[in-house]
Every structure is written in C-alpha cells, then in structure tokens.
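Remarks on the structure that follows.
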Amino acid sequence: MRIALAQLSSLPDREANLERAVAAVDAAAAQGAEVVVFPEIVLDRFFPAVRCGDASRHPAAFLAETIPGPTTERLAAKARQHRMVVVFNLYERDADGRTFDSSPVIDADGTLLGVTRMVHICDYPGFHERDYYRPGDTGAPVYATRAGRIGVAICYDRHYPEYMRALAAGGAELVLIPQAGALGEWPEGLFEAEVRTAAFQNGYFAALCNRVGVEDQLTFAGESFVVDPEGRVLARGKRLEEDLVVAGVDLARCAGSPARRLFWPDRRPELYPAWVSGR
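With my numbering, you'll find the sequence shown wraps up at 865, consecutive numbering, no jumps.
Okay, here's the thing in structure tokens:
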C-alpha cells in the first residue's frame, strides 16, 4: 500500500487552501496512494501564534466549522472518487460552540468514520493554543478503514508516550500525525527521533505531515516523514518547501515487529496506572 503526505503551506486565502488540498488528493491518487494525510490547520494561517485570551472574540473564530461540514463534504467526494482514505485537520466548532483542533477521518467510500480531537493543549511562545482549543474529548480512537487500522496523533499529542501507546493498544497499524512544527521550536532532529521511537516501541508505521512556510515569527520546517515499525525512515520530505511525500508500507509487518513479538507480551499493565498518575 502507498501512503501520501501532503506537505503544504497555508495562504491567506482559505478557499485557495482548500482547492490546493483537493489538488493534493488528486496528485496522491495519481501516484497510487490509498491514504493521504495533511498538516495541522492547513486551511488557515497559523492563528495560534497570536495570543487572544477569548477565542470567541478573535477574528479566527469565524474560521471554525462543523464536522461534518463544507470541508469534509468536499473531501468526502474526493475520497469516493479516488477510493482513498483522507485524514485532514481543521479548526472545529461543535454544536455547543466549543472549538477543537480536529482531524476528521474519511474512508475510501466517502464515509466520515469519526473525528480525533487533540487532547493535550500547549501554551508557549508562538503556540498559544489554549486560547483557541479545548482539550479533546474523543480519546485515542483507532479507525477500521479500507486501508487498515489507522490512529491519529495531532501535533502536540505525539509528545505523550501514553497517547502513542493507547493507539497501539487500540490496534493501530498506521499512526498519522498532522503537524505544525517550526524551526527552533525543539532541538534539531527531535520531531523525527520521538516518532521513530514511538513506532519502534509500539509496533506500527507512523507518518508525520508537517506544514511549511514563513508566517510572522514562525518558519514551518516541512521535512515530513514515514517510519516503519522498526523505527526506520522510509521517506522524507523537503525542508522548507512544499512536497508530496509518497511511501510504500506493508501493514502486515506490524505483527512481526519487535514490539509485537517481544515488548507487548512482557508488559505489566497492572502496574502502570499508579506510575503514570504520579502516585
């Protein structure tokens, strides 16, 4: 199976960004991809760079949309056309007006299988996400897609081994990571190192799709990548440039990975709740 990472920048024009995303689905299909994933908040400039205090009063508030909604309907049509799984990311508003950093997962027949909402919400210079997002309330779901069992770890959630392990416990064979990672945000190479480690420790393929472009004080790095269950990099995107990263993955390899053969049978899950709660 081939998967595609649509490493895109975001223009000030939201409709243009959606058209470019749709074109990326077409391009992925032309290369034989069965799954395509996009960066974090790819329809919009990265508004969490600016502190706002009250998201409902910020100009970005009008960008939040429902799921299902216009964007997911457009992408669902493309998923049906190409028989492709589409994992997107956008600023969601639910029926109660709450806003989330969310990834709808659309199956190859156009069915919206569900929505993963980012659980851990950060607040540090350039990433004032607590001003905009509530903590996700959908847990760590794993979706049974036509392409395989897929989990989603949105950006900051990938820093939490508990979350990455929960996806494995749910049977994920492929973990997709919509990302907005900037130069200088963390030590060089850390984005890749922690995802490679998670894939190795948990026995799944993982693919991080980062955005690119200079937006005010942030320069988004690109360098999207795909890793296998042994933690080896299979493909890597360009640095600081748009790219479509395509890699072949064999999800059957997960069952024979070191994690599944060795680490998982030796786990002691009865001990872990007290450890991770700090008691």
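All C-beta atoms in this analysis are idealised placements derived from N, C-alpha and C, irrespective of residue type, glycine included. All values derive from a computational prediction rather than experimental measurement.
Around the C-beta of residue i, are 16 or more other C-beta atoms found within 10 angstroms, so that it is buried, or is it exposed?
i             : result
threonine 685 : buried
serine 596    : buried
tyrosine 858  : exposed
leucine 848   : exposed
glutamine 803 : exposed
glutamate 659 : exposed
glutamine 576 : No information on residue 576 is available, as it lies outside the stretch 587 to 865 that the chain covers here.
aspartate 852 : exposed
glycine 762   : The sequence as given places leucine at residue 762; glycine does not occur at that position. Buried is the call here.
How far does the beta strand (DSSP E) with residue i in it extend, from its first residue to its last?
i           : result
alanine 705 : In the sequence on display, residue 705 carries valine and not alanine. Note, valine 705: premise wrong, no beta strand (DSSP E); not H, not E.
Restricting to Cα atoms, I'd like to know which of the options is closest to residue i.
i            : options                           : result
cysteine 638 : Gly683, Arg716 and Ala614         : Arg716
alanine 755  : Ala784, Ala766, Asp682 and Val623 : Ala784
alanine 739  : Gly864, Leu676 and Pro764         : Pro764
proline 598  : Phe624, Ala613, Leu649 and Met587 : Leu649
alanine 647  : Val673, Gly683, Met670 and Leu753 : Gly683
arginine 631 : Ala602, Gln617 and Ala681         : Ala602
Could you spell out where the alpha helix (DSSP H) holding residue i opens and where it closes?
i             : result
alanine 614   : 600–616
threonine 657 : 656–668
serine 863    : 858–863
alanine 592   : First-last for alanine 592: 588–593, but that is the beta strand (DSSP E), not the alpha helix (DSSP H).
threonine 652 : Where threonine 652 is concerned, there is no enclosing alpha helix (DSSP H), given that its DSSP letter is neither H nor E.
proline 690   : Proline 690 -> not in any alpha helix (DSSP H); beta strand (DSSP E) instead, spanning 685–692.
proline 815   : Run containing proline 815: none; DSSP gives neither H nor E here.
Which whole-angstrom value describes the C-beta separation of residue i and residue j, a residue pair presumed to lie in contact below a C-beta threshold of 8 angstroms?
i              : j              : result
aspartate 814  : leucine 820    : 6 angstroms
leucine 676    : leucine 629    : 6 angstroms
alanine 590    : alanine 614    : 4 angstroms
alanine 838    : asparagine 788 : Between asparagine 788 and alanine 838 the Cβ distance is about 16 angstroms, and since that is not below 8 angstroms, they are no contact.
methionine 587 : valine 835     : 6 angstroms
Stretch pair the region 747–755 + the region 680–698: three plus CB contacts closer than 8 angstroms: no
Touching by the beta-carbon criterion (3+ pairs, under 8 angstroms), the region 724–734 and the region 699–709: yes
contact_flag[the region 771–789, the region 614–624] where n(CB pairs < 8 angstroms) is 3 or more: no
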